[in-house]
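Protein sequences, first through last, are from chains H and W. Throughout the first sequence, residue numbering follows the numbering used here, covering 946 to 1057 in sequence. Throughout the second sequence, residue numbering follows the numbering used here, covering 114 to 222 in sequence. The block underneath contains the structure these notes are about, expressed in structure tokens.
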Amino acid sequence: SQTIHQWPATLVQPVGSPLSLECTVEGTSNPNLYWYRQAAGRGLQLLFYSVGIGQISSEVPQNLSASRPQDRQFILSSKKLLLSDSGFYLCAWSQGYNSPLHFGNGTRLTVT
Amino acid sequence: EDKVVQSPLSLVVHEGDTVTLNCSYEVTNFRSLLWYKQEKKAPTFLFMLTSSGIEKKSGRLSSILDKKELFSILNITATQTGDSAVYLCAVVRDDKIIFGKGTRLHILP
């Protein structure tokens, strides 16, 4: 069966520090991969999505970036965190538009 | 611009009541609509809807899609305190998946 791993579960970082969040999927190949951010327990904001290795679509460029160095690995990065980057970051995968989205457990990021 | 709008944003009812949550959308290249339940962690999948007029049902929860009027509803009958959560609607357009802001449902005992 398929599983998605996302780490770390919680993270406290100072303003101006770098960020790297990693997500890997097991048990499937060529998944679509997604990064979402959720603030204040409400709707999910789509940050990036990828349909293949090296293919990244950006919805919210700002100071975040994403990379997909391997088929089942998706990384969210920042060179310098802002206070407004605090939130709940969720990685997710799907097998295309006829299948549902499956989420990792999320990372709670607090920028101080 | 793609839009997914959920209403109401917040709802408080008593245990045993029936609730209806709404999701309307405006997207190009619509593929499907997804419903999720979120408690204090990652969202869990409830339903995927692709065809109009076909009700999906799971226990006390049911959902239906109207592709002509561009909306979906999620019904919960005989609510229980364990139904308290944020309910999220998402629309799939090609490979992009867009979420609404969610409906926060609180069930009073």
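Ideal Cβ placement from N, Cα and C applies to all residues, glycine included.
How about H:L966: is its C-beta nearer than 8 Å to some C-beta of chain W? no
Bridge partners for W:N188 per DSSP, in chain order? W:T133 and W:S175
Could you give the DSSP three-state label for W:G195: helix, strand or coil? helix
Closer than 9 Å, Cβ to any Cβ of chain W: which residues of the segment 1036–1056 of chain H, in chain order? A1037, S1039, G1041, Y1042, N1043, S1044, P1045, L1046, H1047, F1048, G1049, N1050 and G1051
Just checking: is the beta-carbon of W:V205 within a distance shorter than 8 Å of some beta-carbon in chain H? yes
Hey, how far is the Cα of W:L174 from the Cα of H:L964? Those two C-alpha atoms are separated by around 39 Å.
Classify H:V957: buried if its beta carbon has 16 or more other beta carbons within 10 angstroms, exposed otherwise. Exposed, because fewer than 16 other Cβ atoms sit within 10 Å of the Cβ of H:V957.
Quick check on this structure: which residue in H:S962, H:P953 and H:Y979 has the alpha carbon closest to the alpha carbon of H:W1038? H:Y979
Where the beta strand (DSSP E) containing W:K209 begins and where it ends: Taken as a continuous stretch (DSSP letters only), the beta strand (DSSP E) holding W:K209 covers K209 to F212.
How long is the line joining the alpha carbons of H:Y994 and H:S1044, rounded to whole angstroms? 15 Å
Would you say W:R173 faces chain H, with C-beta separation under 8 Å as the test? No, W:R173 lies away from the interface with chain H (no Cβ there is under 8 Å from its Cβ).
Test item: CB-CB of W:L183 and W:E139 under 8 Å: yes
Grab the span of the beta strand (DSSP E) containing H:A1011 for me, first residue to last. L1009 to Q1015
Using the Cβ count rule (16 or more neighbours within 10 Å means buried), how would you classify W:K209? buried
Could you give the first and the last residue of the continuous beta strand (DSSP E) run that contains W:K150? F143 to Q151
Is it right to say W:F212 is buried, meaning 16 or more other beta carbons lie within 10 angstroms of its own, or is it exposed? With 16 or more other Cβ atoms from the protein chains shown falling within 10 Å of its own Cβ, W:F212 counts as buried.
Would you please verify whether the beta carbon of H:L956 is less than 8 Å from any beta carbon of chain W? False, the Cβ-Cβ gap to chain W never drops below 8 Å.
If we cut at 8 Å on Cβ distances, does H:V970 have a partner in chain W? no
Cα separation between H:G961 and W:S176? The straight-line gap from Cα to Cα measures roughly 45 Å.
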